[in-house]
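Chains as they are written, first to last, in this note's numbering: chain A, 32 to 373; chain B, 32 to 373.
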């Protein structure tokens, strides 16, 4: 099947670019030094590709992601890197992990989340530490106390995590490196109080600024990067050597005067980082099912396929049912986006 | 089941507010004078409620919406108000409509879309006319010629449509009314050239600015409003007497310092109109699975449910699997959002 026969709008992955991204990251952060974040693609088939590149531990953002990974038999050390109070869902996570013989660790950052993990029969928790990103995460000087509470409840505490999300897009790399080291110093301080084998952190934007190994004073055990797999127009600005592998492919359905309209709209895109891009074109606006654009450099025929580059990959992929894998213009596979929702 | 037992994030509908919105609109635009747009809710159970309020003709934005409505047996006169070139999907529409004995009309705005409808065995088309919104739609002075082409292909042409989307949010209502009349004058001019029984237009923002009836010089046959059912924070600014019936309900999963975090993020919201709102709170930022906020007026407990008002309902609903219908704090029904995707 040729790419022009795919029903649109469609989430299309360039197989070669994806492969190069996977190889490149596996060379930089091999094996367990990368804990790929599945929230970036929500696709167990793609996660299995990451396993084929040597990574067996994964990061998840939702219970459904963890349960879906276990059900698909992908990965053997899963970290639910989120504060979850839903005891029913956590029980599903714990039960699935136990019956599959998989490690499922759950992040906790409060007495309440520890209590929920305990009630759900979760075996292993990690203390989530605030290293400067104002979201979840306990104060670094509170982490040891939480670890004590967890251990008193009979939970195993395997370490700490701290996401320096506020530093992912610092374009001055020497400034970024310095601030990452400061954040990791906080995380390692918390780890001193908590104990355990794991110090987990990071994302694509900072993956190259971390030292792996706890013998280094600000070193960590693993980096939770996810966006490197696809890369969006925002991450592309960091020029980290990864390629934009995902485009949303649309069809030109109307051409009136100077404007073109394609069948890719808000409902096929994550719009939180703003409008998507089309090479050599100027986006006028997106509506539910359309993007209207003009171009002084190119002309399009009605019926022609157009590649749209999303500004933010993660929420874009979460809007689609499947990834169309394309190599040299031919569809070579279709992968369900099976980890969507909660 | 109490609202506090719903797993979050969840798309929750206040049954009383929904009922008042449906009644209010049915009183203003009864029966066939309203052609409700299903893109606003993508839910055949909700569309069946619109049928119960007297409306039997519907507007759809995608082939899947049309096919889903036919499969559910809801409505008997469906308009696919979009330019579609996908002959396979249009064939599905035509086949489903024929076997169910339902009218499925398809909008066309070019020779190419007419050709696709013809090849798909579509029986009935409507000429989509540009009345000032720069998206799909033929030039008004080109509409009659397109109708001729369609009739030469053996298609029945049942009228015109023209969406004045650029006027939905004009806050000065006398200015809005004047500009709507100008747009409808263009549409009626096109209708003079095209013929047929239907002159379809409009949305929630202009539903009260149209005259129903072709005897009036700028009158129309039906208004394609959809957002009145739920209303978002943007439409609420028009004060049209409809209520915000939809909220995305989240759980407070973290509280550190002055900030709260709930489990409602980008992947549960349409973000194209900006951040959502929480009553008496200040939104800091949304990330994939979280919204971080503060409040100088309220305090929250970890585990407490919070109602988030989306800035744009249509793309928000398209992110969820079901609507939870709540009356006085009790869940009284769950409706699948079964018209999602394309």
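For glycine and all other residues, C-beta sits at the position ideal for the given N, C-alpha and C.
Exercise. Residue 290 of chain A versus chain B: which residues are under 9 Å apart at the beta carbon?
Worked result: The CB of residue 290 of chain A comes closer than 9 Å to the CB of 165 and 166 in chain B, given here in chain order.
For this session: Keeping to the same chain, check which residues put their C-beta closer than 7 Å to that of residue 305 of chain A; ignore five residues upstream and five downstream.
Result: Hits under 7 Å: 342.
Problem set entry | Interface flag, residue 184 of chain B vs chain A, CB-CB below 9 Å | No, no contact with chain A.
Exercise. To the nearest whole angstrom, what separates the beta carbons of residue 237 of chain B and residue 207 of chain B, a pair I think is in contact under 8 Å?
Worked result: Contact between residue 237 of chain B and residue 207 of chain B is confirmed by a C-beta separation of about 7 Å, below the 8 Å threshold.
For this session: Output, in chain order, the set of chain A residues within a Cβ distance shorter than 8 Å of residue 318 of chain B.
Result: What residue 318 of chain B touches in chain A: 166 and 196.
For this session: Could you tell me whether the Cβ atoms of residue 297 of chain A and residue 279 of chain A are closer together than 9 Å?
Result: One thing to note: residue 297 of chain A has its Cβ no nearer than 9 Å to the Cβ of residue 279 of chain A.
Exercise. Out of curiosity, what's the CA-to-CA distance linking residue 307 of chain A and residue 339 of chain A?
Worked result: Between residue 307 of chain A and residue 339 of chain A, the C-alpha separation is close to 6 Å.
For this session: Over the uninterrupted beta strand (DSSP E) stretch that includes residue 195 of chain A, give me the two end residues.
Result: For residue 195 of chain A, there is no enclosing beta strand (DSSP E), as DSSP marks it with neither H nor E.
Exercise. Assuming residue 191 of chain B and residue 225 of chain B make a contact with CB atoms under 8 Å, what is their CB distance in whole Å?
Worked result: Between residue 191 of chain B and residue 225 of chain B the beta-carbon gap is near 5 Å, inside 8 Å, which marks them as a contact.
Exercise. Taking 9 Å as the CB-CB limit, is residue 231 of chain B close to chain A?
Worked result: For residue 231 of chain B, the closest Cβ of chain A is not nearer than 9 Å.
Exercise. Which runs of the alpha helix (DSSP H) spanning at least 4 residues fall entirely within the region 218 to 301 of chain A, listed in chain order?
Worked result: The region 218 to 301 of chain A contains these whole alpha helix (DSSP H) runs: 264 to 267.
For this session: Count the CB pairs spanning the region 78 to 92 of chain B and the region 101 to 117 of chain B that are closer than 8 Å, and state whether there are at least three.
Result: Contact holds: three or more Cβ-Cβ distances are below 8 Å.
Exercise. Skipping 5 residues on each side, what residues in its chain have a beta carbon closer than 8 Å to that of residue 189 of chain B?
Worked result: Excluding residues within five positions, the ones whose Cβ falls inside 8 Å are 136, 155, 156, 157, 227, 228 and 229.
Problem set entry | Opening and closing residue of the beta strand (DSSP E) in which residue 64 of chain B lies | Where residue 64 of chain B is concerned, there is no enclosing beta strand (DSSP E), given that its DSSP letter is neither H nor E.
For this session: Note down, in chain order, each residue of its chain lying with its Cβ closer than 6 Å to the Cβ of residue 88 of chain A, except the 5 sequence neighbours on either side.
Result: 63, 66 and 108, listed in sequence order.
Problem set entry | Contact under 9 Å by Cβ, residue 112 of chain A with residue 161 of chain A | With respect to residue 161 of chain A, residue 112 of chain A sits apart: the two C-beta atoms are not nearer than 9 Å.
Exercise. What residues in the region 92 to 118 of chain A have a beta carbon less than 8 Å from any beta carbon of chain B?
Worked result: Flagged, chain order: 92, 93, 113, 114, 115, 116 and 117.
Exercise. Can you give the Cα-Cα distance for residue 119 of chain A and residue 317 of chain B, rounded to whole angstroms?
Worked result: Cα to Cα, residue 119 of chain A sits roughly 25 Å from residue 317 of chain B.
Exercise. Since residue 325 of chain A sits in a beta bridge, which residues does DSSP pair it with?
Worked result: Answer by DSSP bridge pairing, in chain order: A/313.
For this session: Out of B/260, B/267 and B/371, point me to the one whose CA is closest to residue 54 of chain B's CA.
Result: Looking at the Cα atoms, B/260 is the closest of the given residues.
Problem set entry | Beta bridge counterpart(s) of residue 191 of chain B as assigned by DSSP | In the DSSP assignment, the residues bridged to residue 191 of chain B are B/158 and B/230.
Problem set entry | Best match in B/294, B/77, B/196 and B/309 for proximity to residue 235 of chain B [C-alpha to C-alpha] | For residue 235 of chain B, the closest alpha carbon among the candidates B/294, B/77, B/196 and B/309 is that of B/196.
Exercise. Interface residues of chain B around residue 141 of chain A at Cβ under 7 Å?
Worked result: Within 7 Å Cβ-Cβ: 285 and 333.
Problem set entry | CB of residue 275 of chain A within 9 Å of CB of residue 48 of chain A, strictly | In this structure, residue 48 of chain A lies closer than 9 Å to residue 275 of chain A by Cβ.
For this session: Answer yes or no: does any C-beta atom of chain A fall closer than 9 Å to that of residue 341 of chain B?
Result: With its beta carbon at least 9 Å from every one in chain A, residue 341 of chain B lies outside the interface.
Problem set entry | Proximity below 9 Å, CB of residue 257 of chain A to CB of residue 72 of chain A | Yes; because the gap between Cβ atoms is below 9 Å, this pair is in contact.
For this session: Just mark residue 356 of chain B as buried or exposed, buried being the case when its beta carbon has 16 or more other beta carbons within 10 Å.
Result: Residue 356 of chain B is buried by the Cβ-count criterion.
Exercise. Is residue 383 of chain A near residue 221 of chain A, with beta carbons less than 9 Å apart?
Worked result: Chain A is shown from 32 up to 373; residue 383 of chain A falls before or after that span and cannot be answered.
Exercise. Are the beta-carbon atoms belonging to residue 285 of chain B and residue 167 of chain A less than 9 Å from one another?
Worked result: Yes, Cβ-Cβ distance for residue 285 of chain B and residue 167 of chain A is below 9 Å.
Exercise. Under the DSSP definition of a beta bridge, which residues are partnered with residue 89 of chain B?
Worked result: B/109.
Exercise. Out of curiosity, what's the CA-to-CA distance linking residue 198 of chain B and residue 215 of chain B?
Worked result: Taking the straight line joining both Cα atoms gives about 12 Å.
For this session: Kindly indicate which three-state DSSP category residue 320 of chain A falls into: helix, strand or coil?
Result: Coil.
For this session: Consider the Cβ of residue 70 of chain B: report whether some Cβ of chain A lies at a distance smaller than 9 Å.
Result: Under the Cβ criterion of 9 Å, residue 70 of chain B is counted among the residues facing chain A.
Exercise. How about residue 139 of chain B: is its Cβ closer than 8 Å to a heavy atom in the ligand MN?
Worked result: In terms of ligand content, the structure shown is empty, and the ligand MN therefore cannot be addressed.
Exercise. Which whole-angstrom value is the C-beta distance of residue 248 of chain A and residue 219 of chain A, which I expect to be below 8 Å?
Worked result: About 7 Å separates the CB atoms of residue 248 of chain A and residue 219 of chain A; that is less than 8 Å, so the two are in contact.
Exercise. For a contact meaning CB atoms closer than 9 Å, what does residue 127 of chain B contact in chain A?
Worked result: By Cβ distance, chain A contributes nothing, its closest Cβ being about 16 Å from residue 127 of chain B, past 9 Å.
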